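*Asks:* Just so we're aligned, residue 0 is where the sequence shown starts under numbering that gives the first Met the number 0, counting upward by one. Beta carbons are placed, not taken as given, at the ideal position from N, Cα and C, and that holds for glycine. Please read these numbers as outputs of a predicted model, since none were measured by experiment.
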Amino acid sequence: MFRFLLFLVLAAVPLSASAQFDIEHEPINYLKAPLADPISKLQKRLNADEIQLTFDDKSGYLASLLKTLNVSETSQMLVFSKTSFQRSRINPRTPRAIYFNDDVYIGWCQNGDVVEVTAVDPQLGGIYYSLDQEEVDHPKFSRHTDTCTLCHASSVTQGIPGHLVRSVFPDSSGNPILSTSTYRTTSQSPLKERWGGWYVSGTHGQQRHMGNMIAKSSREPEAFDPDAGANVTDLSKLINVEPYLTPHSDIVAFLVLEHQAPAHNALTLANYQAKLALRDEEILRKMDKDPNSPRTESIQRRLDHSADLVLKHFLFVGEASLTDRVHGASGFADQFTQRGPRDKRGRSLRDFNLHTRIFQHPCSYLIYSAAFDGLPTELKGIVYRKLHDVLTGRDQSPAFKHLSNEDRQTILDILLDTKQDLPKTWHE
Numbered sequence: 000m001f002r003f004l005l006f007l008v009l010a011a012v013p014l015s016a017s018a019q020f021d022i023e024h025e026p027i028n029y030l031k032a033p034l035a036d037p038i039s040k041l042q043k044r045l046n047a048d049e050i051q052l053t054f055d056d057k058s059g060y061l062a063s064l065l066k067t068l069n070v071s072e073t074s075q076m077l078v079f080s081k082t083s084f085q086r087s088r089i090n091p092r093t094p095r096a097i098y099f100n101d102d103v104y105i106g107w108c109q110n111g112d113v114v115e116v117t118a119v120d121p122q123l124g125g126i127y128y129s130l131d132q133e134e135v136d137h138p139k140f141s142r143h144t145d146t147c148t149l150c151h152a153s154s155v156t157q158g159i160p161g162h163l164v165r166s167v168f169p170d171s172s173g174n175p176i177l178s179t180s181t182y183r184t185t186s187q188s189p190l191k192e193r194w195g196g197w198y199v200s201g202t203h204g205q206q207r208h209m210g211n212m213i214a215k216s217s218r219e220p221e222a223f224d225p226d227a228g229a230n231v232t233d234l235s236k237l238i239n240v241e242p243y244l245t246p247h248s249d250i251v252a253f254l255v256l257e258h259q260a261p262a263h264n265a266l267t268l269a270n271y272q273a274k275l276a277l278r279d280e281e282i283l284r285k286m287d288k289d290p291n292s293p294r295t296e297s298i299q300r301r302l303d304h305s306a307d308l309v310l311k312h313f314l315f316v317g318e319a320s321l322t323d324r325v326h327g328a329s330g331f332a333d334q335f336t337q338r339g340p341r342d343k344r345g346r347s348l349r350d351f352n353l354h355t356r357i358f359q360h361p362c363s364y365l366i367y368s369a370a371f372d373g374l375p376t377e378l379k380g381i382v383y384r385k386l387h388d389v390l391t392g393r394d395q396s397p398a399f400k401h402l403s404n405e406d407r408q409t410i411l412d413i414l415l416d417t418k419q420d421l422p423k424t425w426h427e
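1) Roughly how far, in whole angstroms, is the beta-carbon of PRO26 from the beta-carbon of ARG278, given that I think they are within contact range, below 8 Å?
2) Could you check whether LEU415 and HIS426 sit closer than 8 Å to each other, using their CB atoms as the reference points?
3) Between which two residues does the beta strand (DSSP E) harbouring ASP120 extend?
4) May I ask you to report which of helix, strand or coil DSSP gives SER166?
5) The alpha helix (DSSP H) that contains ASP372, what's its start and end?
6) Quick one: what's PRO97 bridged to in DSSP?
7) Could you name the residues of the same chain whose beta carbon sits closer than 6 Å to that of HIS258, not counting the 5 residues immediately before and after it, in chain order?
8) With 16 as the cutoff for other CB atoms within 10 Å, does ARG349 come out buried or exposed?
9) Taking the alpha carbon of ILE38 as the reference point, which residue from HIS143, GLU133 and GLU318 has its own alpha carbon closest?
10) Reducing DSSP to helix, strand and coil, say where ASN46 ends up.
11) Judging by CA-CA distance, which residue of ARG95, ASN352 and ILE159 is the nearest neighbour of ILE126?
12) Please work out which residues of its chain come closer than 6 Å, Cβ to Cβ, to LYS81, disregarding the five sequence neighbours upstream and downstream, and give them in chain order.
13) In chain order, what residues of the same chain have a beta carbon less than 7 Å from the beta carbon of LYS450, not counting five sequence neighbours either side?
14) Pull the bridge partners of HIS326 from the DSSP assignment, please.
15) For the stretch 368-376 and the stretch 333-342, state whether three or more C-beta atom pairs, one from each stretch, are separated by less than 8 Å.
16) So, does the stretch 280-288 touch the stretch 197-215, judging by three or more C-beta pairs under 8 Å?
17) Just to confirm, is the Cβ distance from PRO94 to VAL70 under 8 Å?
18) Can you look up LEU308 in the DSSP assignment and give me helix, strand or coil?
19) Would you say ILE238 and TYR198 are within 8 Å of each other, going by their C-beta atoms?
20) With distances taken between CB atoms, is the gap from ALA273 to LEU302 smaller than 8 Å?
21) Opposite PRO175 in the DSSP bridges: which residues?
22) Closest to PHE315 by CA distance: which of SER297, ARG407, PRO293 and THR391 is it?
23) Within 10 angstroms of its Cβ, does ASN291 collect 16 or more other Cβ (buried), or is it exposed?
24) Any idea which residues DSSP pairs SER425 with across the strands?
25) Could you check where the alpha helix (DSSP H) with PHE331 kicks off and where it finishes?
26) With 16 other CB atoms within 10 Å as the buried threshold, where does PRO361 fall?
27) Name the residue from PHE371, ILE381, GLN419 and LEU234 whose alpha carbon lies nearest to the alpha carbon of VAL119.
28) How is ASP416 classed by DSSP in three states: helix, strand or coil?
29) For PRO246 and GLU280, what's the separation of their Cα atoms in angstroms?
30) List the residues that DSSP assigns as beta-bridge partners of ASP136.
31) What's the gap between the Cα of GLN109 and the Cα of LEU268?
32) Taking LEU256 as part of the beta strand (DSSP E), name the residues at either end of that continuous run.
33) Take GLY327 as the anchor and find which of THR232, VAL114, THR336 and PHE140 has the nearest alpha-carbon.
34) Are VAL325 and VAL251 close, meaning C-beta to C-beta below 8 Å?
35) Buried or exposed for ILE50, please, with buried defined as at least 16 other CB atoms from any protein chain shown within 10 angstroms of its CB.
36) Leaving out five residues on either side along the sequence, give the residues of the same chain with a beta carbon under 8 Å from the beta carbon of ASP21.
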């Protein structure tokens with residue numbers, strides 16, 4: 000049964016199950032809607048012989064796929080806990096590698112049968128694929144629907160095909176010890192609960208985490224020394240890094256992923272909710288035989304709720320504070336920051352802080368993504384209005400107290416210079 004990316008668990012309700020969303024049918028139509036994710040676009044180019052993927056003895060199609068999709072090798076993260084259908088190939092000696100960019104997540108195992116991919120579709124959310132690790136003239140991605148969603152049924156993502164990052168207590172074979180705590184990891188999680196079952200490279204001062212550790216006893220899995228796995232800069236002392244594209248599992252990449260994956264979920268959930276609200280509005284207007292009847296308070300509340308969900312994730316509401324400087328090991332931070340875009344003063348939403356919080360200017364870079372741009376027009380307009388209210392100081396809600404006046408003004412200036420579809424009211 001197909002699964003994706005170990006503890007980057009792709010969780011979604013079974014399409015056949017009763018859930019919050021009927022995603023099989025309109026207005027979502029998850030199974031039959033035209034695809035616009037990066038892998039579907041790549042497959043069209045492969046079919047037309049416009050591009051080729053090359054196969055090598057070390058990683059199969061992995062290196063070529065990363066280059067083609069503009070996914071940096073520096074994003075590599077290594078996870079050794081067994082929750083993949085390729086679990087027999089995964090253990091603390093042979094961890095799985097995960098790579099990502101703004102709209103693609105890729106998983107690779109040593110001697111694995113497939114490369115696993117989740118691509119974010121602007122309308123549908125996570126689309127799950129695999130690519131056989133056998134050299135052929137015309138590589139073909141296989142899409143997985145029921146086989147993936149049935150494995151990853153979860154209320155955590157509220158019924159949408161999304162992403163979930165977990166931290167567990169692994170035993171010496173890489174099996175999660177299910178009798179003890181597991182943690183869902185987001186940007187709100189304290190570092191001390193993160194990265195169990197992962198290798199982590201980089202420095203983080205006096206802060207501690209669960210990475211680089213194996214539980215010594217299944218009876219007392221939480222009885223481990225967090226100092227032993229702290230501030231590791233050389234993973235070759237823990238595993239053989241030669242089979243991997245880089246010798247790192249970068250701590251800054253983890254911090255970015257743990258913002259991005261939940262933010263992608265929020266965008267998909269808000270998209271679905273808004274489409275259903277607008278469909279219900281259309282039904283009500285047909286019943287009233289008045290296509291121009293005013294929007295009801297109920298529909299408006301639903302749209303406002305969806306907009307608030309996006310805003311919460313984009314403005315890092317509830318983000319766990321960093322208490323010491325974080326340094327990555329792979330060069331991921333530099334590569335990520337260079338992608339811009341930048342305002343007239345050279346500032347970018349991709350600029351890092353890494354002293355007290357992840358980003359210097361806490362508004363998500365996913366505002367430039369196809370997933371955000373693909374939100375229903377009515378919903379995106381509400382998000383923009385609410386965001387503008389926060390950035391101009393009109394909204395002084397406690398949820399946004401972490402944003403200083405300088406933060407708000409800087410984010411506003413950056414967006415005015417770099418985001419092309421802002422409403423006219425932003426420029427007044």
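*Replies:* In terms of the structure at hand:
1) 5 Å
2) yes
3) 113-120
4) strand
5) 369-372
6) According to the sequence provided, residue 97 is Ile. The question's Pro does not apply to it. Answer by DSSP bridge pairing, in chain order: MET76 and GLY106.
7) SER186
8) buried
9) HIS143
10) helix
11) ILE159
12) ILE89, GLY173 and ASN174
13) Lying outside 0 to 427, the shown extent of the chain, residue 450 is not represented and no answer is given.
14) THR202
15) no
16) no
17) no
18) helix
19) yes
20) yes
21) PRO169
22) ARG407
23) exposed
24) Inspection of the sequence shows that residue 425 is occupied by Trp rather than by Ser. TRP425 pairs with nothing; no bridge assigned.
25) 331-336
26) buried
27) PHE371
28) helix
29) 53 Å
30) ASP136 is not bridged to any residue.
31) 34 Å
32) Run containing LEU256: none in the beta strand (DSSP E); it sits in the alpha helix (DSSP H), 250-287.
33) THR232
34) yes
35) exposed
36) ILE27
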